[in-house]
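Inspection log for the structure reproduced underneath, given as structure tokens.
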Amino acid sequence: MKSEMDTPIHKKLLLRVLDDSPLGVAVWQWRSVDPDPAQLFLLYSNHAGDVISNFSLSEHVGHSIKDIFPGFSASEHIALYFESLTKQIVYSYEVMGTEKFSSQQSYRLDLRPIDKAHLLVSFEDISEVQQLTNTVRLKLTEIEKKEKEINLMRKLSEYSSDAIFIVDLNTARLLDCNKTASEKTGYAKNEILSKTVLDLDEKVHSIEQWQAMVEATRGKSSVEMDSCLVCKHGDRLPVDISARLVIDNENEFIIASIRDSRERKVYQEKMEKAQADIAHILRLATINEFASEIAHELNQPLAAIVAYAQGICRRLESGLGNITNLSEYVEQNTSEDKKSMFQTYVNNGFENVELLTKTARAIEEQAIRSSKVIERVREFVKKSDLVIELIDVRKSIELAVELMRPLAKSLNIIFELRLGPEVLEVLVDKIHIEQVLVNIIKNALEAMTEVPDERRQLLVQALRLTGDAVQVIVRDFGHGFDIRDADSLFANYYSTKQQGLGVGLSISRNLVEANGGRLVFIGKKDKGACMQMTLKSASNANFICEQCVLRSRCNLL
62 MKSEMDTPIH KKLLLRVLDD SPLGVAVWQW RSVDPDPAQL FLLYSNHAGD VISNFSLSEH
122 VGHSIKDIFP GFSASEHIAL YFESLTKQIV YSYEVMGTEK FSSQQSYRLD LRPIDKAHLL
182 VSFEDISEVQ QLTNTVRLKL TEIEKKEKEI NLMRKLSEYS SDAIFIVDLN TARLLDCNKT
242 ASEKTGYAKN EILSKTVLDL DEKVHSIEQW QAMVEATRGK SSVEMDSCLV CKHGDRLPVD
302 ISARLVIDNE NEFIIASIRD SRERKVYQEK MEKAQADIAH ILRLATINEF ASEIAHELNQ
362 PLAAIVAYAQ GICRRLESGL GNITNLSEYV EQNTSEDKKS MFQTYVNNGF ENVELLTKTA
422 RAIEEQAIRS SKVIERVREF VKKSDLVIEL IDVRKSIELA VELMRPLAKS LNIIFELRLG
482 PEVLEVLVDK IHIEQVLVNI IKNALEAMTE VPDERRQLLV QALRLTGDAV QVIVRDFGHG
542 FDIRDADSLF ANYYSTKQQG LGVGLSISRN LVEANGGRLV FIGKKDKGAC MQMTLKSASN
602 ANFICEQCVL RSRCNLL
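So the sequence shown is residues 62 to 618, counted in our numbering.
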């Protein structure tokens, strides 16, 4: 050790203590009254100072701080050193590379004045402490960030419409859940957290089964499955489950998002039914494409049947003359004993010819009638552009009734037509209105399949309203329909019939509205139903009940 200090015996012990100190100790002397680094000289440095600084500080005793640490010329540090001659100062700083010291270190310095010219500096390396502090600070920042993320996720989960469960991977215990989970299961949150998956999931019966399900989630972003939740009061709630494995440091757990599947299944069933209905409609459309051709092909043999029947009638009628002539000849030229026998033959001939003639006429009539029915069907299914024309709505009603008469007969339903003698002309597309009439009459007939025979009556009425509007009323006496659900009656794919498509009334309303009219429903449960089609003037579409023939026995309003 080198020193310019005097070394009396009583100071040797003090130097020995300083030399053995774990702190770095140095004594500096100002040789000028100005804070010039070239005037601050090192008088003493202990062994710990060399070790802590990783620099042989003691070898530089007698040199200025500017020579020892060229990088220590910052004015703020020199000012602190100079200021420490009058008071104690404690501060920390980092030293960056000198000739022999290339690493970055942090020090804590304690500056104490000895007298007006001498300064005692003790220092220690706090690099590790600083690094540890920085590490802790970084960890705290990460923890704070994680906590914010967790709080955000917790808030989001609380507002989620899905039930969310966090499950321990090994024990299947429920670690956390959101508010929706409590609402869906009926359990309070503390009750849920005391349970396992085996208590709530109807399809999980053992820990081994749970572990197998967990393994299925590994390596996948999520696993979808369906199950059934066991609720507090024993109810079973069908659910869709989306589960994913989460690994957080050394912890592994499952996050399960659970959604009530009842609405999805109802929607899926509706979609499947809609697809089946669309397929059926496409088949019907295909039949319609061939209807005209089929009608044409059937008309030819029917025309032949009519012609043959007429020919048979003519031959039979001519044969009657021959029989008459034969009868007269027998009467004039046959003995009395043979007249009776011949007369019997003649009478039988007359009867047979008359019967055959009636039969041929009936064949002719039925063939003509069949041809007319086919022609009506052909006109009904004929695809054409919208043609607005003036028609007598009574004739369209008669056509629709004739088309539906076989169905009415099979159901033992009687038509009651109230059309009146007045011509009821409306400006519409004839085919559209006939399609609507056929549909609502068919619906009305099918609505009475389960009512007593005395109620099986279908009223079809046409009347003129105040102003220039015509209304057609189709009234049945079936089981009826709640008037509060009238809007849904016209909705797409809504049907009260098991095999119904649910498109007929929706299309019918659209067709009527396309023709400037209005189709409305009036009904009561168990009282029957009434469809009102008002044409030409929608402004006068209110039903005038006083004009209805069923007012005394309707009970719908």
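Note that CB positions come from ideal geometry on N, CA and C, so glycine has one too.
Distance CB(residue i)-CB(residue j) smaller than 7 Å
| i | j | result |
| --- | --- | --- |
| PRO299 | SER322 | yes |
| ILE253 | LEU235 | yes |
| GLU425 | ALA370 | yes |
| ALA178 | GLN90 | yes |
| SER125 | PHE102 | yes |
| ALA428 | LEU363 | yes |
| ALA469 | LEU498 | no |
| ILE373 | ALA421 | yes |
| LEU451 | LEU488 | yes |
| VAL521 | ILE474 | no |
| ASP301 | ARG320 | yes |
Pairwise C-alpha distance: residue j and residue i
| i | j | result |
| --- | --- | --- |
| ASP490 | MET594 | 14 Å |
| GLY589 | ILE502 | 13 Å |
| SER288 | GLN518 | 51 Å |
| ASN312 | SER188 | 33 Å |
| GLU210 | LEU261 | 28 Å |
| PRO83 | ALA109 | 6 Å |
| ARG325 | CYS292 | 20 Å |
| CYS606 | VAL581 | Model confidence at CYS606 stands at a pLDDT of 41, short of 50, so the residue's coordinates are unreliable and nothing is read from them. |
| ILE339 | LEU472 | 28 Å |
| SER119 | ASP111 | 7 Å |
| ALA277 | LYS334 | 34 Å |
| LYS281 | ARG305 | 8 Å |
| VAL573 | VAL275 | 60 Å |
| ASP80 | ASP128 | 23 Å |
| GLN221 | LEU199 | In the sequence under discussion, the amino acid at residue 221 is Ser, which differs from the Gln named in the question. Rounded to the nearest angstrom, the two C-alpha atoms are 33 Å apart. |
| GLU358 | SER431 | 13 Å |
| GLN496 | ARG375 | 41 Å |
| TYR555 | ALA368 | Any answer about TYR555 is weak, because its pLDDT of 45 lies below 50 and its placement is not dependable; what the coordinates show is given next. Spanning the two alpha carbons is a distance of roughly 49 Å. |
| MET332 | ASP529 | 43 Å |
| ALA7 | LEU201 | Limits of the chain in this structure are 62 at one end and 618 at the other, which puts residue 7 out of reach. |
| ASN500 | ASN239 | 52 Å |
| GLY295 | THR232 | 24 Å |
| CYS615 | CYS591 | Annotation note: pLDDT 45 at CYS615 (below 50); position unreliable, no value reported. |
| HIS121 | ILE113 | 15 Å |
| TYR248 | VAL327 | 26 Å |
| SER567 | LYS586 | 21 Å |
Pick from the options that is closest to residue i, judged by C-alpha positions
| i | options | result |
| --- | --- | --- |
| GLN361 | VAL265, ILE204, ILE435 | ILE435 |
| GLU477 | ALA428, LEU468, VAL535, LEU464 | VAL535 |
| LYS456 | ALA224, ASP287, GLU483 | GLU483 |
| LEU75 | PRO96, TYR105, ALA99, ALA337 | TYR105 |
| LEU145 | TYR168, LEU181, ILE113 | According to the sequence as given, residue 145 is Ser; it is not Leu. Residue LEU181 is the option with its Cα nearest to SER145. |
| PHE184 | GLY528, LEU170, SER569 | LEU170 |
| ARG479 | MET465, ALA523, LEU464, ILE452 | ALA523 |
| PRO98 | VAL86, ALA140, SER114 | ALA140 |
| VAL263 | THR527, LEU290, ARG279, PRO467 | A small correction: the amino acid at residue 263 is Glu; Val does not occupy that position in the sequence shown. Of THR527, LEU290, ARG279, PRO467, the residue nearest in Cα terms is LEU290. |
| ASN571 | GLY584, LYS470, LEU596, CYS591 | LEU596 |
| MET286 | GLU463, VAL265, ILE458 | VAL265 |
| ILE672 | ARG375, TRP271, HIS121, GLY577 | Residue 672 lies beyond the range of the chain shown here (62 to 618); nothing can be said about it. |
| LEU506 | GLY528, GLY539, SER117, VAL533 | GLY539 |
| TYR168 | GLN191, ASP176, ARG297, PRO174 | GLN191 |
| VAL6 | ASP537, ILE494, ARG525 | The requested residue 6 does not occur in the structure, where the chain is confined to residues 62 to 618. |
| ASP176 | ILE268, ARG92, GLU515 | ARG92 |
| LYS256 | MET214, SER283, ILE227 | ILE227 |
Extent of the continuous alpha helix (DSSP H) run through residue i
| i | result |
| --- | --- |
| GLU276 | 268–278 |
| PRO467 | 454–471 |
Residue span of the beta strand (DSSP E) that contains residue i, given as start and end
| i | result |
| --- | --- |
| HIS179 | 179–186 |
| GLU285 | 284–291 |
| ASN312 | 312–321 |
| VAL531 | 530–537 |
| ASP514 | It is not in any beta strand (DSSP E) - ASP514 carries neither H nor E in the DSSP assignment. |
Near the ligand COA: residue i beta-carbon under 6 Å from a heavy atom
| i | result |
| --- | --- |
| PHE102 | Among the ligands in the structure shown, none appear at all, so the ligand COA cannot be discussed. |
| request: Within the stretch 85–127, note down every full alpha helix (DSSP H) run reaching 4 residues or more, in order along the chain. | output: Fully enclosed alpha helix (DSSP H) runs of no fewer than 4 residues occupy 108–114 of the stretch 85–127, in order along the chain.
| message | If we require 3 or more residues per run, which beta strand (DSSP E) segments fall completely within the stretch 473–504? | response | You should have 475–479, 486–490.
| Going along the chain, which unbroken runs of the beta strand (DSSP E) with 3 or more residues stay wholly within the stretch 186–271? | Fully enclosed beta strand (DSSP E) runs of 3 or longer: 224–229, 235–238.
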